[in-house]
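Engineer: Anchor point for the sequence shown: position 134 equals 135 in our numbering, and the numbering is continuous, going up by one each time.
Backbone N, C-alpha and C define an ideal beta-carbon position, used for all residues, glycine too.
This is the structure, below, for whatever I ask next.
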Amino acid sequence: MDLYLASASPRRRELLAQIGVQFERIAAPVDETPLLNEDPHGYVLRLARAKAQAGWLAMLAANLPPHPVLAADTTVVLDGEILGKPDDETHAAAMLKQLSGSTHLVLTALAIAEQDRVETVLSESRVTFMPLSDAQIARYVASGEPMDKAGAYGIQGQGGLFVSHLEGSFTGVVGLPLHETAQLLARYGLGALA
C-alpha cells in the first residue's frame, strides 16, 4: 500500500487505481461550509488540507500503519459564487439553470499529509455549458446524478452531454486531476513519476 485516500468518492478511487496507486480508503469527515467572504481558491485548498489532516489523525487514532494521506476537494464557481453539492432536487435544478449557456470554473485542490508536512496543488478548468431547457434540467435532476456532485452535474456521466467546451483537465472536473495528482505523489516518492 502506498497511501490512504481520505475520500468517499467512487470516482476518485477509480482514477487513483487507474494510475496504479495502491491505497486504502480512510474516513475523514470535515465541515464543508464556506467561511464568510472566503475566496473559492482558498476554500478548496483549505478543505483539501483539512481532509488530509483529518485522515492523518484518523489513521493515528486507529493505530493503522503510517502512510501519507491524500485528500481532494472540488467546487464549481460561477461569477465568483461557490456552487457546492445541491441540498435537494429544487436546489440542483436552480444550479443547472445558473450554469446553462455559461462558462464556469471547476477547482479541484489536492493535499497530502504526512506527520506535520502538508503539500497542496490546485487544478483549475473552465467548462462551458450549452443552453439547457427546463425539460432537459428536469430529466437530468430526475436521474439522480446531480445530487452528490459540486455544481449539480457529473461530467463523466449524463452531465457530460451539457458540456460544449472544456479548457483544462477532464479528470480535474471529475474530481482527481491525474497530472497534478502524479506530480504531488512524486514529491513523496510515490506513483509512476517518482
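(1) According to DSSP, is Leu191 helix, strand or coil?
(2) What is the rounded straight-line gap between the Cα of Val78 and the Cα of His92?
(3) With DSSP as the reference, label Ile113 as helix, strand or coil.
(4) What residues in its chain sit with their C-beta under 7 Å from that of His180, if we drop five residues either side in the sequence?
(5) Would you kindly check if the distance between the Cβ of Leu48 and the Cβ of Val175 is under 8 Å?
(6) Put Tyr154 into one of helix, strand or coil per three-state DSSP.
(7) In the DSSP output, which residue or residues are listed as bridge partners for Tyr5?
(8) Any heavy atom of the ligand NAP inside 7 Å of the beta-carbon of Ala112?
(9) Should Leu46 and Thr121 be called a contact, given that it needs their Cβ atoms to be closer than 8 Å?
(10) In this structure, does DSSP put Ile20 in helix, strand or coil?
(11) Look at the alpha carbon of Tyr5 and the alpha carbon of His42, and state the distance between them as a whole number of angstroms.
(12) Which residues in the same chain have their Cβ closer than 8 Å to the Cβ of Pro30, if we skip the five residues on either side of it in sequence?
(13) Are at least three pairs of beta-carbons, each pair with one atom in the segment 95 to 113 and one in the segment 63 to 80, less than 8 Å apart?
Structural biologist: This is what the structure gives:
(1) Coil, per DSSP.
(2) Going by the C-alpha atoms only, they are around 15 Å apart.
(3) The answer is strand: DSSP assigns Ile113 an E or B state.
(4) Here the set comprises Ser170.
(5) Cβ distance not < 8 Å, so Val175 and Leu48 don't count as in contact.
(6) In the three-state DSSP reduction, Tyr154 falls in the coil class, being neither helix nor strand.
(7) Note: Tyr5 is bridge-paired with Glu25, Val70 in the DSSP secondary-structure output.
(8) No copy of the ligand NAP appears in this structure; indeed no ligand is present at all.
(9) A contact, by the Cβ cut-off of 8 Å.
(10) The answer is coil: DSSP assigns Ile20 none of H, G, I, E or B.
(11) Rounded to whole angstroms, the separation of the alpha carbons of His42 and Tyr5 is 24 Å.
(12) In its chain, beyond the 5 residues on either side, Ala55 have a beta carbon closer than 8 Å to the beta carbon of Pro30.
(13) Put simply, the segment 95 to 113 touches the segment 63 to 80. At least three CB pairs are less than 8 Å apart.
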